[in-house]
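See structure below.
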Amino acid sequence: MKSDSLGTFKRKTYRKIKLWMIILTLFAGILTAAESRYLIFRIYNITIEPQNILSENVLWGTLKPLEEKIWPLYWIRSKSHEKFISDYYPINLNISLCGWGKFKVKCVPLEPKFKMFWGGKYWYVTKESRVWLTTLKENKYVSSSNAESIPVLSWSSDRKLPIDLSNKKGNVMDSNLPIERIEEWYNNIRTLDWIESIKYIQAEVRGDAPVVQVFFNEIGTKGVSILFSDNPADWYEPVLAVKKIYPNISTLSKDIFIDTTYKDKILVKNKVQLTK
């Protein structure tokens with residue numbers, strides 16, 4: 271008795287599955303025919319805001335044929351599409367659906383916090399640690415005035431590589447720069463009222479210790495320079511001592527080098543004598 275009931279149940283279940291498969295096949299066929307004739311699933315329009323930052327050719331040119339034919343598929347993949355474009359252009363994208371087959375793309379140019387010299391080239395760096403060359407033609411839409419108005423960060427070759435170029439996939443890359451620490455270096459310089467006097471900041475290594483050297487006056491080995499610990503919290507005590515000895519650092523001879531990295535003393539040296 272139980273065997274007959276189980277057999278009846280299996281037959282009914284099989285019939286239901288078969289019926290649903292037929293219905294789904296018919297429905298898929300109807301949709302395919304409607305799409306072929308009326309293009310009901312095609313992407314009708316993509317609006318870019320603002321229009322002058324990213325060209326429509328870039329957006330449409332990076333769409334895959336199936337995504338263009340079936341807009342729900344493009345909607346599902348929109349996040350990966352945003353990332354793909356932002357890897358080549360210094361912008362943040364947000365793709366949103368605004369109607370049947372209609373999309374809106376909002377573009378916001380990246381804003382660099384500072385400019386870095388590394389590998390013989392200049393790079394813009396954002397607070398999110400995104401980096402790209404300052405020579406990109408798309409930089410005309412980037413608000414770089416703040417980055418250009420503060421001293422350049424020179425990243426020495428003896429420091430840890432800031433960018434992995436071996437894994438480069440576009441023009442805009444993620445870096446492993448210690449952004450928070452670098453921002454503290456700049457904050458120290460602002461607090462000390464040196465922001466307009468310093469030409470550039472150099473992150474380097476002395477011995478086995480990471481250090482930071484700030485250069486005043488002329489760019490080059492003969493500019494007045496002060497060597498600090500990598501830790502910005504260690505700057506203030508030696509700075510007070512330096513300011514006590516030299517109230518106006520900008521008036522010092524351009525050959526002076528001040529080393530504040532020692533625990534109990536500050537060394538003042540003449541660069542000309544050091545090079546002899």
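Per the numbering used here, residue 271 is the first one in the sequence shown, and the count goes up by one each step. Glycine included, each C-beta is placed from N, C-alpha and C at the ideal position. Just so you know, these numbers come straight off a predicted model, no measurement behind them.
Beta bridge counterpart(s) of residue i as assigned by DSSP
{"i": "Asn-540", "result": "Ile-526"}
{"i": "Phe-311", "result": "Partner(s): none; Phe-311 has no beta bridge."}
{"i": "Leu-363", "result": "Cys-377"}
{"i": "Thr-317", "result": "Lys-374"}
{"i": "Val-442", "result": "Per DSSP, none; premise fails for Val-442."}
Buried versus exposed call for residue i [16 or more other C-beta atoms within 10 Å across all chains shown]
{"i": "Cys-377", "result": "buried"}
{"i": "Tyr-392", "result": "exposed"}
{"i": "Val-412", "result": "buried"}
{"i": "Leu-537", "result": "exposed"}
{"i": "Pro-320", "result": "exposed"}
{"i": "Ala-473", "result": "buried"}
{"i": "Ser-523", "result": "exposed"}
{"i": "Lys-546", "result": "Confidence at Lys-546 is low in this model, with a pLDDT of 46, below 50, so its placement is unreliable and the value that follows should be read with caution. By the neighbour-count rule (16 or more Cβ atoms within 10 Å), Lys-546 is not buried but exposed."}
Rounded straight-line distance, which links the Cα of residue j to that of residue i
{"i": "Asp-500", "j": "Arg-451", "result": "9 Å"}
{"i": "Pro-448", "j": "Lys-514", "result": "31 Å"}
{"i": "Val-494", "j": "Leu-403", "result": "29 Å"}
{"i": "Pro-480", "j": "Thr-531", "result": "10 Å"}
{"i": "Val-482", "j": "Lys-469", "result": "14 Å"}
{"i": "Ile-316", "j": "Gly-440", "result": "23 Å"}
{"i": "Tyr-394", "j": "Ile-361", "result": "13 Å"}
{"i": "Asn-446", "j": "Met-291", "result": "52 Å"}
Top-ranked residue by Cα proximity to residue i, from the options
{"i": "Val-422", "options": "Pro-382, Lys-410, Ile-365", "result": "Pro-382"}
{"i": "Ile-365", "options": "Ser-350, Tyr-359, Tyr-358", "result": "Ser-350"}
{"i": "Trp-425", "options": "Val-475, Asp-444, Leu-336", "result": "Val-475"}
{"i": "Asn-322", "options": "Ser-445, Trp-464, Asn-409, Ile-465", "result": "Asn-409"}
| query | With contact counted as at least three CB pairs below 8 Å, one residue from each stretch, are the stretch 389-409 and the stretch 333-341 in contact? | reply | no
Would the stretch 326-333 count as touching the stretch 382-392 if we require 3 or more Cβ pairs under 8 Å?
no
Okay, do the stretch 425-438 and the stretch 458-465 touch, 3+ Cβ pairs below 8 Å being the bar?
Result no; under three Cβ-Cβ pairs closer than 8 Å.
Three CB pairs or more closer than 8 Å across the stretch 358-376 and the stretch 415-430: no
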